[in-house]
Every structure is written in structure tokens, then in C-alpha cells.
Amino acid sequence: MQLHISPSLRHVTVFPGKGVREFIKVRVGARRVSYRMLFYSLLFFTFLLRFVFVLSTVDSIDGETKCSTLGCLGKRLGPRILGRRLDSAVPEVMFQVLEQPLGNDELKGRSDIPQTLEEFMDEVKNTRLDAKTFAVKLREMVTLLEQRTRNAKIQEYLYRHVASSSIPKQLHCLALRLASEHSTNAAARLQLPLPELVPALVDNTYFHFVLASDNVLAAAVVANSLVQNALRPQKFVLHIITDRKTYSPMQAWFSLHPLAPAIIEVKALHHFDWFAKGKVPVMEAMEKDQRVRSQFRGGSSAIVANNTEKPHIIAAKLQTLSPKYNSVMNHIRIHLPELFPSLNKVVFLDDDVVVQSDLSPLWDIDMNGKVNGAVETCRGEDKFVMSKKLKSYLNFSHPLISENFKPNECAWAYGMNIFDLEAWRKTNISTTYHHWVEENLKSDLSLWQLGTLPPGLIAFHGHVHVIDPFWHMLGLGYQENTSLADAETAGVIHFNGRAKPWLDIAFPQLRPLWAKYINFSDKFIKGCHIRPS
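See below:
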């Protein structure tokens with residue numbers, strides 16, 4: 041049968057067979073446009089059906105491992121063509137092999153595993169591997185490299201933990217030399233401050249700063265930077281609190297290196313009447329905390345030996361063993377109202393900060409009845425440092441935490457804080473602090489595992505007044521990407537983290553910001569080989 045359509049689309053003739061002149065002739069009306077559109081539509085769908093048929097046939101012939109030009113063209117057009125779902129070009133056997141777990145012991149003593157991508161590619165080129173063998177080789181190489189990377193990271197964290205927890209021999213030398221000077225030189229045993237300046241210690245018209253430290257060099261840098269950048273240093277009073285063993289070296293240093301006209305007071309904890317009376321909650325908590333940590337953690341060797349935990353979890357656990365987290369100098373700030381009963385407002389400074397601006401304007405900040413003026417750590421350009429919320433420090437899987445706090449509330453920072461002691465005395469902040477420390481000890485450190493900031497976040501909850509980030513720039517002890525230009529514009533910079541500026545692991549580009557407040561020609565500094573870098 042043959043079909044003949046006239047060029048004008050007015051006649052359609054059907055021939056039933058060869059040589060037969062009988063035909064059916066149909067006269068079509070003058071509705072040219074609609075029939076012409078019908079014809080072209082039929083023609084288009086005829087071509088499309090042929091294309092889909094050919095595409096499906098070629099794909100079926102090619103199978104899963106081969107790909108012709110037309111088949112590949114179809115697969116590259118998108119995930120679906122006319123409702124047809126296109127599967128991955130990767131053979132299923134490769135997925136099956138790569139998803140199979142590979143034990144650590146299976147790779148021990150193996151010398152046939154490629155050590156680099158170059159070795160792997162050479163082996164693939166020289167040996168015609170099927171898909172399954174290729175996947176097995178790839179899995180073995182990647183797993184081996186993952187194990188080595190993990191071990192290298194853990195070793196780095198362990199070395200940093202040891203370096204940050206140890207006392208550098210230069211600092212040990214400085215303390216010994218100053219202690220010797222204290223015992224042999226009367227000028228190193230001066231009363232600090234001088235008797236005529238004692239009334240200023242309780243005078244609220246002065247600007248009072250508190251520094252708790254057992255590190256003489258660090259305390260010297262904080263004091264030097266504070267006084268050198270002050271517009272009215274004669275109105276500055278720095279109260280330095282230290283422990284019994286560091287008192288003699290600390291007194292010797294500031295006796296021989298006065299910072300007049302600023303007023304410096306050096307006292308050991310046992311000199312405070314409040315601290316000497318009976319039981320001190322912070323000391324009891326520290327003793328219990330130390331016992332729990334030694335039993336619960338098992339030491340750094342036990343932490344590093346854990347093969348199931350991720351490196352950053354091991355790093356956090358190692359950090360909990362740092363001596364500073366069990367130091368009375370780190371806990372004593374919670375007792376500021378008892379230590380300074382006559383003062384109304386103080387600024388508390390950590391010993392790893394450097395002051396780069398005059399801090400007297402901090403007394404002009406209206407705290408709106410709040411106790412703690414601090415910088416928030418959940419907002420800022422540096423997303424690594426300024427991204428801390430309560431969930432970053434507290435364990436919200438524990439009902440005691442989840443029932444009382446919100447995980448996405450913004451955290452704040454210790455290091456440079458304004459404390460309104462008048463407002464503080466009207467609260468139960470100190471009692472709340474010790475209550476939660478006890479709860480954490482009872483729960484085997486399951487509420488939080490690190491430092492004094494978590495109980496501080498709880499105790500000062502609802503009592504924090506947010507201040508401008510200019511006054512406190514954080515992260516210089518663990519964020520090496522901090523630029524020198526940005527750090528120089530901050531009022532106070534804080535080397536929080538392991539890379540303290542007095543350690544060899546300090547970031548070399550940031551250490552000069554701290555080192556410039558040390559006189560390296562001083563006989564004690566020079567005699568102990570303390571150098572700028």
C-alpha cells in the first residue's frame with residue numbers, strides 16, 4: 041500500500057497494490073493551516089520515537105561497562121530523558137567493594153599496596169585490571185593513607201600537648217634566678233606597693249585591674265603593655281595574684297622593675313584573709329576534679345591509644361589534661377567579690393593577653409545592671425574563632441544541660457572581662473558556679489570536659505553585658521591565619537590556645553606582638569637565654 045499526499049495537502053490518494061490503478065481519492069477541504077500543523081506534528085513525533093528506540097537499543101547492547109557515542113550523548117543530556125532514569129556509569133561491583141569495611145590488621149605487613157597516587161596509576165597502566173580488582177587496590181591504598189594521616193595528626197596533638205603543658209627551661213631559669221635574688225637582695229623584697237600608696241588599693245576613683253598568674257614573664261608582659269598604653273598610668277592599679285611558690289620570684293621582678301607612676305600590688309593567695317579561713321570551695325572542687333580526671337582519663341597514653349575516636353576528639357581530651365585547667369589561678373576569678381570586698385568594679389586580665397590600647401574607657405561602659413562585661417564569640421568575620429555557642433562547650437545530650445539551657449545561645453569569652461562587683465554581690469553566681477562544678481564531678485565529667493569557661497557560662501547566664509569586639513580579639517594561640525594587620529587594630533589580643541607566645545610552638549608571625557614588651561637586654565632575661573624568636 042502506498043500513500044500519496046499532494047503538495048497543496050488538498051488530495052490524499054491510497055494505492056492498494058502494485059500495478060493496480062484502483063485507488064481511493066479523498067478531497068480535502070481548504071482548512072490548510074490546521075492540517076499542515078497536524079502533518080508536521082506527526083512527522084516530529086515519528087522522528088522522536090525513532091530516536092528514542094535507537095537510543096534504548098544502543099544502551100541495551102552497550103551494557104554497563106561500555107559506552108558508544110550515541111549512548112554517552114543520551115546519558116549526558118541529564119538524569120532523566122522522557123521519564124527514563126539513567127543509572128550511574130560506575131559499575132555496581134565497585135560500589136560493593138568500596139563499601140566493604142577493611143580492618144586495620146588486614147594491611148599490616150603488606151608491601152604490595154601503592155604508597156602514592158603515582159605508583160597506583162603506574163600499576164593500573166601496566167596491569168589490565170578489571171573493575172573489582174581496581175576497586176580493591178583503590179580501597180587498600182586510601183585506607184592505608186587514612187591510617188597514616190590519622191596517626192600523624194594524633195602524634196602532632198600529643199607533641200603539642202606535651203609542649204604546652206611543660207615549663208620551658210628559660211622560664212624555669214628565670215623563676216630560679218629571681219628567687220635567688222629575692223633571698224639575697226633586699227631591693228628585691230620591697231613591699232608592693234610602697235606604704236604611702238596602700239590607700240589607693242581600695243580607692244574606687246582608680247582603675248583597678250586584676251591578674252592571676254604563676255608565670256613571671258607572662259605577668260610582666262601584661263603589666264608592661266597595660267601601663268605603656270595607658271593615657272593616665274598614675275590612675276592605674278594592677279593587683280597581681282599568684283601562688284605560694286611563685287610569690288618570691290614575682291615580688292622580686294616587680295620590685296626590680298617598677299612601673300611607676302602605675303601602682304602594682306603582688307600578693308599570694310595565702311595572704312588573703314578570706315582564703316586563709318577554713319575551707320575554700322574552689323580548692324575542694326579542684327582536688328575532686330583532679331582525682332576524677334586521673335581515674336576517668338587514664339592519662340595521655342590511654343587517650344592516644346584509642347583507635348576508634350577521631351583525631352579532633354582525642355585532641356580535646358588531651359587538652360583537658362592541661363595543668364592550667366586544674367590550676368587555682370584559673371578558678372580564682374569566681375571569688376573576686378570576696379578577694380576585693382572594698383572595690384566596686386575591676387577588669388580581670390588573663391596572663392596570655394597583650395594590651396594595645398588605653399583601657400580606662402571600659403569604666404565608662406554602662407553595664408545596665410549586669411555583672412560581666414564580655415565579648416560574644418558567636419559573631420564575627422573569623423568563622424573559626426567567632427562561631428562558639430553554648431553547644432560548643434556543654435553536652436546537650438545530658439538532660440541536666442538540655443533542660444536548663446538552649447544550645448544555640450551565644451557564648452562569650454574569658455580573658456578580658458569587666459566585673460561589676462557591686463552587682464555581683466547581689467547575686468548567687470559563685471554558689472551556682474560551685475553547684476554545677478559538683479554536678480559535673482558527680483556525672484564523671486559528662487556535662488563538660490574542658491576548662492573553667494563552661495561552668496562560667498552557666499554561672500553568669502543572664503548576667504552578661506555584651507561589649508564591643510574591639511576590646512578583646514581571641515584565637516591567637518590556635519588560629520594561625522589571624523593577620524598581623526587585624527591583630528594590631530584590637531584593644532586587647534588574647535593568645536588563648538596551646539600556642540602560647542612564650543613557647544616554641546607559638547606562631548612566628550604573631551609572637552612579635554607579645555615580644556615587643558620584653559626588654560631582652562635585661563640581665564635576668566639575657567641570662568636565661570630568652571630571645572625574641
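Convert by adding 40 to the 1-based position in the sequence shown; the result is the number in the numbering used here. Beta carbons: idealized from backbone N, C-alpha and C, even for Gly. Predicted model, so just to flag it, every value in this text is computed and none were measured.
Residue burial classification, residue i (beta-carbon count within 10 angstroms, cutoff 16)
| i | result |
| --- | --- |
| glycine 111 | Because the pLDDT at glycine 111 is just 46, under 50, the model does not fix this residue reliably, and the value given afterwards should be weighed accordingly. Under this definition glycine 111 is a buried residue. |
| glycine 114 | Residue confidence is low: glycine 114 scores 49 on pLDDT, short of 50, so the model does not pin down where it sits. No coordinate-derived value is stated. |
| glutamine 274 | exposed |
| methionine 513 | buried |
| threonine 522 | buried |
| methionine 161 | exposed |
| valine 202 | exposed |
| proline 439 | exposed |
| valine 66 | At valine 66, the pLDDT of 46 sits below 50, so the modelled position is not reliable; the number obtained from the coordinates is stated separately. Exposed: under 16 other Cβ atoms inside 10 Å. |
| leucine 157 | exposed |
| glutamate 528 | exposed |
| glutamate 132 | exposed |
| glutamate 305 | buried |
| phenylalanine 294 | buried |
| alanine 530 | buried |
| alanine 499 | buried |
| glutamate 62 | Note that glutamate 62 has pLDDT 49, beneath the 50 cutoff, so the model's placement of it is unreliable and the number below is only indicative. By the neighbour-count rule (16 or more Cβ atoms within 10 Å), glutamate 62 is not buried but exposed. |
| asparagine 166 | exposed |
| leucine 553 | buried |
| isoleucine 64 | Unreliable placement is indicated for isoleucine 64, whose pLDDT of 46 sits below 50; no coordinate value is reported for it. |
| threonine 471 | exposed |
| threonine 86 | exposed |
Reduced DSSP category for residue i - H, G, I as helix; E, B as strand; rest coil
| i | result |
| --- | --- |
| threonine 282 | strand |
| lysine 563 | helix |
| phenylalanine 25 | What the structure shows of the chain is the stretch from 41 to 573, and residue 25 is not part of that stretch, so it cannot be assessed. |
| asparagine 412 | strand |
| isoleucine 507 | coil |
| histidine 311 | helix |
| leucine 169 | coil |
| valine 477 | helix |
| histidine 248 | strand |
| lysine 177 | helix |
| lysine 275 | helix |
| cysteine 213 | helix |
| lysine 193 | helix |
| lysine 429 | strand |
| isoleucine 121 | With a pLDDT of only 45 at isoleucine 121, under the threshold of 50, the placement of this residue in the model should not be trusted; the figure read from the coordinates follows. Reduced to three states, the DSSP call for isoleucine 121 is strand. |
| threonine 522 | coil |
| lysine 482 | helix |
| tryptophan 488 | coil |
| threonine 467 | coil |
| aspartate 404 | helix |
| histidine 222 | helix |
| alanine 227 | helix |
| serine 442 | helix |
| alanine 539 | coil |
Contact belief for residue i with residue j at Cβ below 8 Å, rounded distance in angstroms
| i | j | result |
| --- | --- | --- |
| alanine 240 | isoleucine 303 | 5 Å |
| glutamine 396 | serine 265 | 7 Å |
| isoleucine 372 | tyrosine 197 | Going by Cβ atoms, the distance from isoleucine 372 to tyrosine 197 rounds to 29 Å, so no, they are not a contact pair. |
| glutamine 519 | aspartate 422 | 7 Å |
| alanine 215 | threonine 282 | Contact doesn't hold; Cβ gap of about 11 Å is too wide. |
| alanine 463 | lysine 428 | Not quite, the Cβ-Cβ distance comes to about 25 Å (not below 8 Å), so this is no contact. |
| tyrosine 433 | tryptophan 488 | 6 Å |
| arginine 538 | glycine 517 | 6 Å |
| phenylalanine 249 | histidine 279 | 7 Å |
| glycine 420 | proline 509 | 6 Å |
| proline 541 | serine 573 | 10 Å between Cβ atoms; not a contact. |
| valine 368 | leucine 309 | 7 Å |
Residues sharing a beta bridge with residue i, DSSP
| i | result |
| --- | --- |
| aspartate 460 | Lys385 |
| histidine 512 | Bridge partners of histidine 512: none, in fact. |
| cysteine 450 | Lys429 |
| histidine 534 | Val393 |
| glutamate 305 | His279 |
Near the ligand FAD: residue i beta-carbon under 7 Å from a heavy atom
| i | result |
| --- | --- |
| leucine 383 | In terms of ligand content, the structure shown is empty, and the ligand FAD therefore cannot be addressed. |
Is the number of C-beta pairs between the region 264–271 and the region 225–244 that are closer than 8 Å three or more? no
Does the structure place the region 402–412 close enough to the region 564–573 that three or more beta carbon pairs sit under 8 Å? no
Quick test of the definition: if touching needs 3 or more C-beta pairs under 8 Å, does the region 246–266 touch the region 167–184? no
Determine, using beta-carbon pairs with one atom in the region 500–511 and one in the region 410–425, whether at least three such pairs fall under 8 Å. yes
Touch test, the region 449–457 against the region 385–393, Cβ-Cβ under 8 Å, three pairs minimum: yes
Should the region 549–558 be called in touch with the region 212–229, which here means at least 3 C-beta pairs below 8 Å? no
Stretch-stretch touch, CB-based, cutoff 8 Å, three pairs: the region 228–237 with the region 292–302: yes
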